Amino acid sequence: MKKFLAILLVLVMVFSLAACGQDKGGDAKEDSTYKVGMVCIGDDNAAYDRNFYMACDAAKKQLADKGINIEWIYTYNHPEGDEVAVDNEDLAGKGCIAVFNNSYGQEPAMLTVAPNYPDTVFIGMTNEGSGKDELENTVNAFPSIYEGRYLAGVAAGLKLQEMIDKKEIKKDEAVIGYVGAYTFAEVISGYTSFFLGARSVCPSVTMKVEFIGSWGDPTMEANTAQDLIDRGAVLISQHSDSTTPATTAQSAGVFHVGYNIDMSDVAPEASLVSSRIDWTNYMVYVIETIVNGGKVDQDYFRHGLATGDVTLTDLNSKIAAEGTAEKLEEVKKQMADGSLNVFDTSKFTVDGKEVKNAFALDTDGDFTPDSEEAIFDGCFHESYFQSAPYFGLRIDGIELLNEKY
Amino acid sequence: MNEKAPFLRLAKRENINKRNVWLIRAAAFFTALVLGGLIFVIAGADPINAYGSLLEGSLGNPAGLRQVIKVATPLLGTALALAPCFKMKYWNIGAEGQITMGAVGASYLALSFGDTWNSFLLLPAMAIMGVIFGGLWSGIPAAFKARYGTNETLFTLMMNYIAIGIVGWLQGGPWEGKPGSQIIPMFKPAAVLPRIMGVHIGWILVLILTAIMFIYMNYTKHGYEIAVLGESENTARYAGMNVTKVTIRTALLSGGISGLVGFMVASGANMTLYASVAGGVGFTAITVAWLSQLNPLGMIFISLLLAVLSKGASTLQTSLAVPASISDIITGIILLCMLGCEFFINYKIILRESKNKEGQK
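Keeping their order, the protein sequence lines are chains A and B.
The working numbering applies: residue 2 is where the first sequence begins, and numbers increase by one.
The working numbering applies: residue 148 is where the second sequence begins, and numbers increase by one.
Laid out in structure tokens, this is it:
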């Protein structure tokens, strides 16, 4: 027993010495480098998270050019709950000036940690609780991805119309299959804007949406994409985190429009283009503001295509319909100058009727919007009152295959 | 005996002294550290440095320590719940589901009365609901075992999946917050366990529970019945014990404690309910229970060890960019060595030569 304890003690001492030595090494450069934390729902395997890494790297570079040196510290694969709280605590405890949380489900746990670290700014990306709460050091951000989705939808619609014109498919066979995460405003807003973009250039298009009940699950996503193809979809798009819908589309010989990252490397014959949020601007803004002693805005909204916070990846011109690039430029301009609104209420119906009223925000906590009329000036103003999407209408032309999954 | 004796032979050890037992264990632990070090090298990290930051991250700072205690609390609580079952040789693999159902029971009250009740009323009520739900979830397989002789290992295991499925349904259905989010809203402050020294008071409750369980197992009639039943059901029957009653009673107790753990995790750590509320604790606790040889006091040490490894693993991920899965592998190696060494404590390996010598005696 004694010997065992002695050995254990020696080991502990050796390790703690090693630990001390290592600490000293770290302190030297700490003065000039700011630590920034990033809590990821997934890891390298998810397109969603890779989109964030790209932005992290780009932001680091841009900040370095401005003389601000940062070091990213990541944690992976924690979607919710105590694990997320631990990550946030860990990162804040390490002295991070900001801790970014990249998924919706992480915010509640993040908010439990934030009060203990008033000097750290906690960011609930793609969420909406931090901007509204009383804490100064918790904020939200959600660039207007619906604009990018609409634009990507235009690319999809052009392809479908070309197929109709070339008599490869009949008019009523222009069916889009959409792999959705949850029946959640963010997702509904996304597939609806995508669909409206497609229909603006291909009037006969219809869409089937199938939900997977997860933000990302490669196998489920692939199976769901296959199911949609079996139900007649000739083009697949997705609001889910991995690239398997793209590869499934390619092996079934149909087309695909992606999300988060360029997927034409894994599906060169299928994937036309992807819409993505480019988080670089926002990260630079947050970190620069903190370093300069300013206050980060509680919510970051009305940033989209025009500001470069939302973009399309490079068009896969080998398979895209002729004239797509030009058309995209044109639509982008129209969106920027306000002559085109994504949710133009004259362009869609609900139960056969034009929609006149829809509330944007929920104020009494029952999760049903009850304030701020979103429809005025002939369109539904998405992400106008807050960054997180609130478009929740079920428009005609889109069939939800499994609303209760 | 003309047949050639096997090259290796095992024999049960008799009367091994305590000192040797601990020497074997220390050797096993050391072997595990060396093997783990090799894994670190393969993963491209300096092993000394890696072990150092593992300990630094978990024990070297207050936040790390708090986390270690937070992780150890449900492990210890659940291991305590499993101990009497295992002592009875009733293989309850269902702690995962019992924790989950306990959390469901507690969450029901938290979500219904979080606004109206004060915490002095609400928290104890939640705890009781947790105990009842967890107990019932464990009582069902026990009743079937007692009445129809069903296999409790499979039955309790399957009950886990049902419990987790129920929470999944609650998340997307009746208890869902924002439509489509599949997330249950956070509990109101009245339904959240207070903290002592930065960790929810669950850690004090499980320490008290440890003492109670130690006494229950070693110094009470119930504990004696459990031990006898575990040794031989027939002996228990001849001794006039009501086997059905003891089985069901112990299973209810076990499930009840697991349910209480579920309450602590939901109310203290997560402050909400979601499908992975048990998060594998129900299974890891089986390892804790066996590593400590069902001794409640030993469980404190083992659950802390596992918590240190788990907390240290996340530190490694952030400080040395060692993937968490590498730390999982190392944890696995340590556990395997620790469990494996019990084999060498109970048996000795005899080579052929020495066997002959023994044979001549």
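Ideal placement from N, C-alpha and C gives every residue a C-beta, glycine not left out.
As the structure is a computational prediction, the values presented were derived from the model and not from experiment.
Looking only at its own chain, which residues have a Cβ that is under 6 Å from the Cβ of residue i, when we skip the five neighbours before and after it?
i	result
Leu376 of chain B	Met235, Ala383 and Val393
Asn128 of chain A	Tyr105, Glu108 and Asn141
Gly426 of chain B	none
Val215 of chain B	Ser205, Ala454, Val455 and Lys458
Phe154 of chain B	Arg499
In the DSSP assignment, the beta strand (DSSP E) including residue i goes from what residue to what residue?
i	result
Gln239 of chain A	Leu236 to Gln239
Asn102 of chain A	Ala99 to Asn102
Gly178 of chain A	Val176 to Gly181
Val258 of chain A	Phe256 to Tyr260
Phe185 of chain A	Element bounds for Phe185 of chain A: n/a, residue is neither H nor E.
Ala471 of chain B	No beta strand (DSSP E) holds Ala471 of chain B; the alpha helix (DSSP H) holding it covers Ala471 to Asn493.
Ala425 of chain B	Note, Ala425 of chain B: premise wrong, no beta strand (DSSP E); not H, not E.
Ser372 of chain A	Ser372 to Glu374
Who are the Cβ neighbours of residue i in its own chain at under 7 Å, not counting the five residues just before and after it?
i	result
Phe491 of chain B	Ile171
Trp322 of chain B	Leu258 and Ile331
Phe334 of chain B	Ala257, Gly261, Ser414, Met418 and Thr419
Gly191 of chain B	none
Glu276 of chain B	Position check: residue 276 of chain B holds Met in this sequence, whereas Glu was assumed. Gly252, Ala253, Tyr255 and Leu256, listed in sequence order.
Asp45 of chain A	Arg51
Thr431 of chain B	Leu222 and Leu453
Ile476 of chain B	Ile186
If we cut at 8 Å on Cβ distances, does residue i have a partner in chain A?
i	result
Ile527 of chain B	Look at the range of chain B in this structure, 148 to 508, and you will see that residue 527 of chain B is not part of it.
Ala460 of chain B	no
Ala416 of chain B	yes
Tyr421 of chain B	yes
Gly324 of chain B	yes
Thr397 of chain B	no
Gln440 of chain B	no
Gln464 of chain B	yes
Gln245 of chain B	no
Gly487 of chain B	no
Within this structure, are the beta carbons of residue i and residue j separated by less than 8 Å?
i	j	result
Ser275 of chain A	Val287 of chain A	no
Phe256 of chain A	Val235 of chain A	yes
Phe143 of chain A	Ser388 of chain A	yes
Asn298 of chain B	Gly429 of chain B	no
Phe349 of chain A	Leu197 of chain A	yes
Gly181 of chain A	Tyr192 of chain A	yes
Gly43 of chain A	Asn89 of chain A	no
Gly398 of chain A	Thr184 of chain A	no
Ile237 of chain A	Ala226 of chain A	yes
Val455 of chain B	Leu222 of chain B	no
Gly244 of chain B	Ile311 of chain B	yes
Met360 of chain B	Glu372 of chain B	no
Asn102 of chain A	Asp50 of chain A	no
Gly94 of chain A	Asn239 of chain B	no
Val176 of chain A	Gly217 of chain A	no
Ile291 of chain A	Val122 of chain A	yes
Thr220 of chain B	Met344 of chain B	no
Ser405 of chain B	Ala274 of chain B	no
Starting from residue i, trace the alpha helix (DSSP H) both ways and give me its first and last residue.
i	result
Trp238 of chain B	First-last for Trp238 of chain B: undefined, no H or E at that position.
Ile351 of chain B	Gly349 to Tyr366
Tyr391 of chain A	First-last for Tyr391 of chain A: undefined, no H or E at that position.
Ala247 of chain A	Thr245 to Ala253
Tyr35 of chain A	It is not in any alpha helix (DSSP H) - Tyr35 of chain A instead sits in the beta strand (DSSP E) that spans Thr34 to Val40.
Met208 of chain A	Unbroken run through Met208 of chain A is the beta strand (DSSP E), Thr207 to Phe212; no alpha helix (DSSP H).
Output yes if chain B places a C-beta closer than 8 Å to the C-beta of residue i; else output no.
i	result
Asp120 of chain A	no
Ile74 of chain A	yes
Phe386 of chain A	no
Phe143 of chain A	no
Ser318 of chain A	no
Val255 of chain A	no
Leu313 of chain A	no
Tyr77 of chain A	yes
Beta carbon of residue i: closer than 7 Å to some heavy atom of the ligand MG?
i	result
Thr220 of chain A	As far as ligands go, the structure on display features none, and thus does not contain the ligand MG.
Can you find the residues in the same chain that come closer than 8 Å, C-beta to C-beta, to residue i, ignoring five residues on each side of it along the sequence?
i	result
Ala19 of chain A	Since pLDDT at Ala19 of chain A reaches only 47, below the 50 mark, its modelled position is unreliable, and the value read off the structure follows with that caveat. So the list is empty, once near-sequence residues are dropped.
Gln162 of chain A	Ala175, Val202, Cys203 and Ala322
Lys325 of chain B	none
| query | Can you list, in chain order, the stretches of the alpha helix (DSSP H) that have 4 or more residues and sit fully within the stretch 67-121 of chain A? | reply | Complete alpha helix (DSSP H) runs here, min 4: 82-94 and 108-114.
| request: Could you name each continuous alpha helix (DSSP H) segment of 4 residues or more that falls completely within the stretch 278-350 of chain A, going from the start of the chain to the end? | output: If you keep only unbroken alpha helix (DSSP H) runs of at least 4 residues inside the stretch 278-350 of chain A, you get 281-292 and 325-338.
| request: Give, in chain order, every unbroken run of the alpha helix (DSSP H) that is at least 4 residues long and sits entirely within the stretch 384-412 of chain B. | output: Runs of the alpha helix (DSSP H) lying entirely within the stretch 384-412 of chain B, each at least 4 residues long, are 390-411 in chain order.
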